[in-house]
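Visitor:
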Amino acid sequence: MRDARYLNQHYEISVETLALCNAACTFCPYPSLERKGVELPDKLLTSILLQIKEWKHPFYFSPFKVNEPLLDRRVIPMLQEINEYIPRAVIRLFTNGTTLTNKVIQSIADLHAIAHLWISLNSVTVDEYCDLMKLDFLKTANKLDLLHSFVMAKKFKHTVILSRVVQSNEADAEFVRYCRIRWPRFGIQMIKKDGWLGYTEPQMTKVPQIPCARWWELSIMATGKAALCCMDGAGEYVVGDISKSSLLDIYNSDPLLKMRTGLLERSGVSPCNRCTY
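Numbering-wise (this note's numbering), the sequence shown opens with residue 66 and increments by one.
1. In whole angstroms, what separates the C-alpha of Ile78 from that of Thr270?
2. From the DSSP secondary-structure annotation, give me the bridge partner or partners of Asp306.
3. Assign Gln145 to one of three DSSP states: helix, strand, or coil.
4. I'd like to know if Lys121 contacts chain E, where contact means its C-beta is closer than 8 Å to some C-beta of that chain.
5. Can you tell me the Cα-Cα spacing of His122 and Met324, whole angstroms?
6. Just reading off the beta strand (DSSP E) that His181 is part of, what are its end residues?
7. Have a look at Tyr76 and Tyr125 and give me their C-alpha separation to the nearest angstrom.
8. Tell me the DSSP secondary structure of Phe124 in three-state form.
9. On the CB-based measure, 16 or more other CB atoms within 10 Å of its CB, does Met217 come out buried or exposed?
10. Which same chain residues, not among the five before or five after Gly342, have their C-beta less than 6 Å away from its C-beta?
11. Measure the alpha-carbon distance for Ala174 versus Pro96 and round it to whole angstroms.
12. If Ile245 and His213 are in contact, beta carbons under 8 Å, what's the gap, nearest whole angstrom?
13. Leaving out five residues before and five after Lys220 in sequence, what residues of the same chain have Cβ atoms less than 7 Å from its Cβ?
14. Is Val155 helix, strand or coil by DSSP?
15. I'd like to know whether the C-beta atoms of Ser318 and Gly305 end up nearer to each other than 8 Å.
16. Can you say whether Leu203 is buried or exposed, counting buried as having 16 or more other CB atoms within 10 angstroms of its CB?
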């Protein structure tokens with residue numbers, strides 16, 4: 066947070082190229098989104114890439130927000146372009162795993178500067194998985210088997226992480242045990258359930274009275290508008306519009322810059338004063 070390089074340049078930028086997901090997770094605001102199906106115009110996507118090409122400091126590029134990014138045919142070519150022309154960008158790739166065909170896996174394997182391939186799995190039992198995500202566990206598990214075979218054959222060298230939103234029950238331990246046995250080359254990450262600024266009930270209700278690391282990122286929705294942060298899934302707290310302002314102008318607007326320079330406690334910033342992230 067005190068790294069002066071990122072006072073005026075984003076540490077991370079998230080770009081939702083297509084507001085579409087094939088899951089309907091109970092811990093995610095996607096089912097109630099008004100922007101479902103909206104596609105970020107090619108013109109704005111090109112503008113984003115041209116702008117970040119000029120940034121001076123290394124940063125994370127995350128092609129997702131409240132969506133399944135690999136449903137957008139433009140994502141892989143975009144990441145290839147970033148690899149070739151924007152060397153300071155490190156890519157964080159997120160998916161629910163259902164889109165991992167042989168072709169997609171090979172395309173991702175050919176990329177470089179990948180921080181990780183993060184797979185939101187959440188359960189390893191058929192019924193719970195269906196209840197949580199409204200997807201078919203057996204089909205997803207087969208996709209993960211294919212990906213694991215690439216890793217075992219040393220054809221996929223990026224870090225793979227399987228995550229679960231903690232339920233605080235015996236299934237949490239079973240998730241870890243199952244994943245370690247079936248996919249031993251994948252990492253495992255347990256994450257707490259957050260509230261998405263009121264859309265779901267958070268696991269921990271106490272708001273941390275410290276600054277938030279998300280003040281150092283920019284979160285672009287498929288509409289072209291910049292949401293306050295990743296937890297503003299619905300885009301209720303818009304801080305800018307990339308069709309009208311540059312990324313850096315939005316990031317350095319007076320309210321956002323004040324939050325970063327002052328390292329304010331969340332109690333003095335709305336709606337951060339009710340966010341448990």
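For glycine and all other residues, C-beta sits at the position ideal for the given N, C-alpha and C.
As the structure is a prediction and not an experimental result, all values here were calculated from the model.
Guide: For this structure:
1. About 27 Å.
2. Beta-bridge pairing by DSSP links Asp306 to Lys290.
3. Three-state DSSP puts Gln145 in a helix.
4. Of the protein chains in this structure there is only one, and it is not chain E.
5. Here the alpha carbon of His122 sits roughly 21 Å from the alpha carbon of Met324.
6. Segment 179-185, the beta strand (DSSP E) holding His181.
7. Rounded to whole angstroms, Tyr76 to Tyr125 spans 6 Å at the Cα level.
8. Correct three-state label for Phe124: strand.
9. Per the 10 Å Cβ criterion, exposed.
10. Sequence inspection shows Tyr at residue 342; the Gly mentioned does not correspond to that position. Excluding positions up to five away in sequence, the list reads Asp259, Met296.
11. Near 31 Å, if we compare the C-alpha coordinates of Pro96 and Ala174.
12. Just to set this straight, residue 245 is Arg in the shown sequence, not Ile. With a Cβ gap of about 12 Å, Arg245 and His213 do not count as contacting.
13. Correct list, in chain order: Ala174.
14. Residue state, collapsed to three classes: strand.
15. Taking 8 Å as the Cβ cut-off, Ser318 and Gly305 qualify as a contacting pair.
16. The residue in question, Leu203, is exposed, as its Cβ has fewer than 16 Cβ neighbours within 10 Å.
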